[in-house]
Amino acid sequence: MRYGPHPLPPLKTLPAFEASARLLSFTRAADELSLTQGAVSRQIRNLEERLGTPLFERGERALKLTAAGQHYAEAVTDALNSIALATEGLRETGEEGPVTIGATSALASLWLMPRLNRYRAHDPDLPIRVLASDFDLPESSGDIDLVISYSRTPPPEADACKLFDEAIFPVCSPELIEAHGEIKTLEDVLRHTLLIHDDDHPDWTGWAAWLRAMGESTFKPKRTVRLNAYSMLLQAAAASQGIALGWQHLVDDLLAAGSLVKLDFGEFPTPGAFYLRPLKPTASNARAAPLLEWLIDSGAELT
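Heads up, the working numbering is the position in the sequence shown plus 71, with the first residue counted as 1.
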């Protein structure tokens, strides 16, 4: 297939690739897309054959993106998000628009999307739009119904609700430990490459704060790699490129899948929490009320 002078891959393979790259699991991607695991695997193989390069490393215990796969996943995710937003923008005049949830890219991909699939199982007719951004969301535009954000202080809105507290701890791939030995001390941590979330958000808790909590006053890693997207940082950790700081509720699924393992240093509570804020009065946005309550209940399950 071609778009003008540019060749395109089989378009039906892209949702399967995006879900597999985000979840690092063909099985979980199949569940999300209501396909069989075999169908997802075939679509990925078809895409790799058309591109002429492997996108995943298929280990016995975990699925990992190759370097080419990481790069392609970013481009495909951005493209699919753009198509989804444009599609919603062309809804017929007079038809009720979707309930829009704003969140950071990391929270949207790692926590929100897997749960929204479960919500759709009992409310399939509600159109939902997720607006993911690592920059300031246009909250005053009137287009966003609900916002999930991390903050060290409770939001001023009276109807804001804390979804869950957070804690951080170092994580890496099981293969990194197999190749280089157990990681039991701070010295062991610091001799590895540290994967740093290159984010200037003042509320984000990073390596320097974690090391201080562990009694290490100076932050002098031997090697670092900085990435400006947290989901990409976790993909790098799963690919054995270094050690990352895992935010508990953002890495739970990757730990359960075996893509990452939690290092035994305990959990360091972050000074903030994730909050859910409705930007429109519930009375004027009754369609969002069931989803709002469901998200609150989902957060309560984690506390």
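For glycine and all other residues, C-beta sits at the position ideal for the given N, C-alpha and C.
None of these values were measured; they are calculated from a predicted model.
Between which residues of its own chain and D269 is the CB-CB distance below 8 angstroms, once the five residues before and five after are set aside? R297, L298, N299
Which runs of the alpha helix (DSSP H) spanning at least 4 residues fall entirely within the stretch 310-336, listed in chain order? 319-328
Alpha carbon to alpha carbon, how far is D236 from F127? 33 angstroms
So D230 is in the alpha helix (DSSP H); what residue range does that whole segment cover? First-last for D230: undefined, no H or E at that position.
Can you tell me whether H268 is helix, strand or coil according to DSSP? strand
With a Cβ-Cβ cutoff of 7 angstroms, do S244 and D205 count as a contact? no
Work out the CA separation of D323 and T264 for me, nearest whole Å. 22 angstroms
If we count Cβ pairs, one from each stretch, closer than 8 angstroms, do we get three or more for the stretch 316-336 versus the stretch 277-292? yes
Who are the near neighbours of P361 in its chain, counting only those whose CB is closer than 7 angstroms to its CB and skipping five residues on each side? D194
On the DSSP bridge list, what partners appear for K135? E128
In whole angstroms, give me the CA-to-CA distance for R358 and E89. 29 angstroms
Examine the Cβ distances between the stretch 224-231 and the stretch 303-314 and report whether three or more of them are shorter than 8 angstroms. no
If you measure between the beta carbons of G343 and S222, is that distance less than 7 angstroms? yes
Coarse secondary structure for R358, derived from DSSP in three states: helix
On the three-state DSSP scale, how would you describe I199? strand
Go ahead and pull the three-state DSSP assignment for G140. helix
Classify L156 as buried or exposed, calling it buried when 16 or more other Cβ atoms lie within 10 Å of its own Cβ. exposed
When you compare the CB positions of L325 and L234, do they come within less than 7 angstroms of one another, or not? no
Closest residue to L202 among I154, F97, F240 (Cα-Cα distance): I154
Quick one: what does DSSP say G173 is sitting in, helix, strand or coil? strand
Quick one, are the C-beta atoms of P378 and L118 less than 7 angstroms apart? No information on residue 378 is available, as it lies outside the stretch 72 to 374 that the chain covers here.
At which residues does the alpha helix (DSSP H) containing S112 begin and terminate? 108-122
Collapsed DSSP secondary structure at V78 in the structure displayed: The sequence given here places Pro at residue 78; Val does not occur at that position. Correct three-state label for P78: strand.
Determine the extent of the alpha helix (DSSP H) in which R99 is found, giving its start and end residues. 97-104
Using a Cβ-Cβ cutoff of less than 6 angstroms, which residues in the same chain neighbour Y190 once the five nearest sequence positions on both sides are dropped? W365
Just how far apart, CA to CA, sit L94 and A174? 18 angstroms
Where E253 and V332 are concerned, what is the direct C-alpha to C-alpha distance, given to the nearest angstrom? 12 angstroms
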